[in-house]
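All residue numbers for the sequence shown refer to the numbering used here, where the first residue is 1318 and numbers rise by one.
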Amino acid sequence: MEFPQQQKPAGDSKITYPPGVKEITEKISNDEVVKRLKMVVKTYMDMDQDSEEEKQQYLNLALHLASEFFLRNPNKDVRLLVACCLADIFRIYAPEAPYTSHDKLKDIFLFITRQLKGLEDTKSPQFNRYFYLLENLAWVKSYNICFELEDCNDIFIQLFKTLFSVINNSHNQKVQMHMLDLMSSIIMEGDGVTQELLDTILINLIPAHKNLNKQAYDLAKTLLKRTVQTIETCIANFFNQVLVMGKSSVSDLSEHVFDLIQELFSIDPLLLTSVMPQLEFKLKSNDGEERLAVVRLLAKLFGAKDSELATQNRPLWQCFLGRFNDIHVPVRLESVKFASHCLMNHPDLARDLTEFLKVRSHDPEEAIRHDVIVTIINAGKKDLNLVNDQLLGFVRERTLDKRWRVRKEAMMGLAQLFKKYCLHHEAGKEQAQKISWIKDKLLHIYYQNSIDDKLLVEKIFAQYMVPHSLDTEEKMKCLYYLYACLDTNAVKALNEMWKCQNMLRGLVRELLDLHKLPASEANTTAMFGKLMTISKNLPDAGKAQDFMKRFNQVLGEDEKLRVQLDTLISPTCSCKQAELCVREITRKLTFPKQPTNPFLEMVKFLLERIAPVHIDSEAISALVKLLNKSIEGTADDDEEGVTPDTAIRSGLELLKVLSFTHPTAFHSAETYESLLQCLKMEDDKVAEAAIQIFRNTGQKIETELQQIRSTLIPVLHQKAKRGTPHQAKQAVHCIHAIFCNKEVQLAQIFEPLSRSLNADVPEQLITPLVSLGHISLLAPDQFASPMKAIVANFIVKDLLMNDRSVGNKNGKLWTSDEEVSPEVLAKVQAIKLLVRWLLGMKNNQSKSANSTLRLLSAMLVSEGDLTEQKKISKSDMSRLRLAAGGAIMKLAQEPVYHDIITPEQFQLCGLVINDECYQVRQIFAQKLHLALVKLLLPLEYLAVFSLCAKDPVKERRAHARQCLLKNISIRREFINNNPLAHDKMMSLLPEYVVPYMIHLLAHDPDFTKPQDFEQLRDLKECLWFMLEVLMVQNENNSHAFLRKMVENIKQTKDAQCPDDPKANEKLYIVCDVALFVIVNKSTACHLESPKDPVLPSKFYTPPDKDLINDKEYLSSEARTVLLTGKPKPSPVLSTVNKTLTVPGRRVYNKTTGSDSNTSTHSQPSSPVTKTRDVVTESSEGGARENEENPVITKTDEGKKEDTVTSDLTTGASTIPKPRRGRPPKATPSPLANEKEGGAGKGRKRAAPAQDSAPSGEPNSIKIPKAEDVTQILDLQR
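Set out below in structure tokens:
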């Protein structure tokens, strides 16, 4: 409908005003204009669309109200009233507006839009009119008229900007609803949304704007949700131009696209239906920073709590997972960080993430490995169900990472999980069981060499496993049941931890004692030694030394500090008292003006290690009460997951360990009464532990606890006579340790036992033999004479030289302890008794030691069957060989007996490490290592480990190498820390093992043909096994020293048989092979030796200065074979010249520590070839070798001339020429004889134990180090 008069000036037509309203012109005042307009507004408000007459009547007035006078009136009240009128006019005249001019319509709507700014102030008197205006416009959808205008977009942009700017938190829901209605109608009923208009909406989503006006953000968010179907296309077009086409100029928001995508996704994922494929394209960008930005965005989208993007868009999810392997480090790091939120919010995606996290847990970047741990632990702390066993396995693996930061994070993370779920049981017993391995794993780390690891384990134990902040009863309950649940290695680690802390307390106590002495140079030197030792038990030994010197200086100046420290390390210091002392010492050393005080931190490390935060008298009493409850059956053992028997046994073991480190805390009648109850229990282990606790802590029982004494003595006597062997040993030592009249007490045990010895009842002999042996060890002067008669008449003649029973002929080389015959067990204890008797006497005046050594040697030569009546089973013979070898080794620890051990006896003892029985080799090597590492055995026994190169079991060779490394390290450290050790270099310096090794190898029974290539190769392997470890560093030109030492040996003769040319030739050949190894290993060996080596006179004659032995005993062909490593044929196993295999198992090649071959340089990098014996997997892993094909046959070296007899009373003994202990009983087959050297070789196929041998299947899966992992780093795939 058109109205021609509309276009005429208002003055050309008569304007009709509502009744009572006078004409409104420029001539009247503003107040009058407002007054009259209010009446006009009232009139229009009351009109509706059906009032045709009124519509026509007031048409001119409507046109007049759109004149410039009103639209540009300076009075805001006038403008507001006019706007209300115009809004009503659009309502009344809908759908056709009375204004047909496009320019006029634009001016009107821009005018109305400007008036909407008045909505901002809700407290304004005119707010209701502004609200009426908004409501009217929204209800009528008046702005839809503008769609017909060419530049309607300007109006809409202005409207949207106005509404978003005025919305605030004072507006009610109706205001927001009308705004939404107004804007959504424009979006949904228009032909599309222009980029400029879209920008006015999206700009409110940008974080900066979002934080400025939260209501505008909510308005935009709701608007987008309401118009998603319409606006999605426009949004897709915008992102397409920016992301794909790179047209950043299309919008000022182009730089915020990723923020916008995140916000839009959180509003409604449907808004981005067409955008997600574009992100997949961006993920493969060549620009690393761009990929990083997309990864950050997608991490938020995939990780959002209610996001289903991963399931709805699998291609994008898979493409995103590929960024875990991105070549750009920040991208991989961001991917790993995302995994934490994803695991927490989307447990169903854990399986997809696991494999990628596994690869990243081996990432070469430390930060990424660290964040993998943080990711998994954070998820686990939120809910343990969020992390599977595999993910926890990655954290477990990283506890051994090469970087301290990563190890620390992994250990602390596991500790937090343990405390949360195992200690506090926040998720129930089932979840606690899932991670029950954590306690063991954390304690196993105490075996690591790094002091940082040890200190962290101690901290974790004190704060997370058994929190020291708990009250005593709760704390001890934690410890009691924790100890009961630990595995064997974890228990050992925990015991070692307490031992180290106790040792450190002892060092500090000794340091304080030195402060009490007058100042002197000797005192200063002693202090310095203590400080150096203490420093090695603290992190960063270099700084620790400086800080400990400073701390020692402060101690010397501050007497109160010394008193506090003395109280802290006092045996009677309680846990609460310890906390006070630590606090006081820390306060004294704190400097307020220093923000960081590394000196104080180091002292804190020391105080944490020496402070008794867990154990004191109160704690021991609490432990004893828990033990009593377990005995009575009133404890919570089953609820804690352990059986009462386990709780009792482990509780006693715990108390036993603590009795070593905190003996004073046990001294109470209540504690000892409980221990007496344990002595009466049937469990042998419990009683044994109780006796040992008495032994360690009962020094004051005799003087202060008479009632305990009177009860204890008969119990100890009974255990010494009729208890188990271990109980008997502890009972004898306990009597000796805590009673003043020990001679009387021991005599009351000795006399009845010595009279009751009866070899015909061997099962009743074992305990008496143990008791008698330890009595003779502890009181040799009192019992030397009666013991000699017992040894001569009973031990040797009646027991060892007689076989009363026939053993089990099952062919096994080893059986369990329960299957060993009582007679053999008695013989083993008889051998130990001989050793203890001699160690007690510590002299050889009666030549008893010579006779004993000959007896032990005879036992080794006869393979354990001393009488050669063939009554003893193979497994029992193995036991006796092990006992004899161990006995010689034990006697060698006493200098007076070491001097009389002949080279032949030493060689026989050493060859036990090549025994045909796996368990014999294993146990003997362990005993050898323990004695050497404590510096109890002479240096020549270290040479025995060189024979381990012949061991066909890989694990045994690896163990021997570790033993060598440990022993050599300890000896070097001892020399460096002890100035007096320089006078004993020949017995301490590891390099001096070489003469002993050469002599031992020259007398190896396997070395029968000096020019046989295979035997030479064996020699080289044995030599290299030792030299490789010795030559790791050329310290003080040690390579030249080794060369000089070997050259000097060639100028001497074999002291064992100096006139035997063949023996000397073998010695020189071993020397030439050793020189060959040294020269090919080191280019520095030809330098001048730092000093002239001294050779042991027991093994070598003095050098003949007139004779120079420069002959080369190795042929050129032999040198070539040693250098090139010509493949060796398989060894002869039994009588067949081929490798024996177990069905269904692979064949493994024997390998040693070095696999180097010929070098292209003039000096090869390593003299050891890759050629190794081929052995079956059963020999590598110890599957069944003790049951079948256990021996490599050897040619007989001549039958024994006479049966060995020995009489210790006379010292007479006839022993045949020493030989390798186990010649074949049967005649070798012709095939074996045809193979030169094969039948005579002493290298045997490994004999696995049925109980204690290593696993049958070696673990071929090697967990790679982080730097070894082949990364799948792709850039654009």
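Each residue gets a CB set at the ideal place from its N, CA and C atoms; glycine is no exception.
Residue of the options minimising C-alpha distance to residue i
i            : options                : result
residue 1817 : 1807, 1851, 1467       : 1851
residue 2146 : 2119, 2206, 2079       : 2079
residue 2101 : 2153, 2149, 2135       : 2153
residue 2221 : 2082, 2019, 2318, 2341 : 2318
residue 1642 : 1830, 2035, 1681, 1625 : 1681
residue 2004 : 1510, 1980, 2044, 2039 : 2044
residue 1633 : 1646, 1619, 1645, 1489 : 1619
residue 2311 : 2356, 2352, 2292       : 2356
residue 1455 : 1470, 1798, 2035, 1480 : 1480
residue 1993 : 2028, 1334, 1925, 1513 : 2028
residue 2287 : 2253, 2275, 2265       : 2253
residue 2419 : 1728, 2274, 2366       : 2366
Rounded Cβ spacing between residue i and residue j (contact assumed at less than 8 Å)
i            : j            : result
residue 1587 : residue 1615 : Between residue 1615 and residue 1587 the Cβ distance is about 17 Å, and since that is not below 8 Å, they are no contact.
residue 1518 : residue 1540 : 6 Å
residue 1463 : residue 1422 : 7 Å
residue 2088 : residue 2066 : 6 Å
Contact check, residue i vs residue j, beta carbons under 9 Å
i            : j            : result
residue 1828 : residue 1855 : no
residue 1434 : residue 1483 : yes
residue 2181 : residue 2165 : no
residue 1547 : residue 1504 : yes
residue 2107 : residue 2074 : yes
residue 2056 : residue 2014 : no
residue 1763 : residue 1814 : yes
residue 1667 : residue 1705 : yes
residue 1944 : residue 1975 : no
residue 1430 : residue 1476 : yes
residue 1909 : residue 1860 : no
residue 2262 : residue 2247 : no
Where residue i falls: helix, strand or coil (DSSP)
i            : result
residue 2417 : strand
residue 1962 : helix
residue 1863 : helix
residue 1830 : helix
residue 2371 : strand
residue 1643 : strand
residue 2324 : coil
residue 1571 : helix
residue 2135 : helix
residue 1728 : helix
residue 1412 : coil
residue 1608 : helix
residue 2424 : coil
residue 1750 : helix
residue 1366 : coil
residue 2167 : helix
residue 2496 : Below a pLDDT of 50, predicted positions are generally treated as unreliable, and residue 2496, at 38, falls in that range; the measurement from the model is reported next regardless. Helix, per DSSP.
residue 2360 : helix
residue 1337 : coil
residue 1564 : coil
Exposure of residue i, with buried meaning 16 or more beta-carbon neighbours within 10 Å
i            : result
residue 2239 : buried
residue 1649 : buried
residue 1331 : exposed
residue 2149 : buried
residue 2349 : exposed
residue 1805 : exposed
residue 2542 : Its pLDDT being 36, under 50, residue 2542 is placed unreliably in this model, and the value from its coordinates should be taken loosely. Looking at its Cβ environment, which holds fewer than 16 other Cβ atoms inside 10 Å, residue 2542 is exposed.
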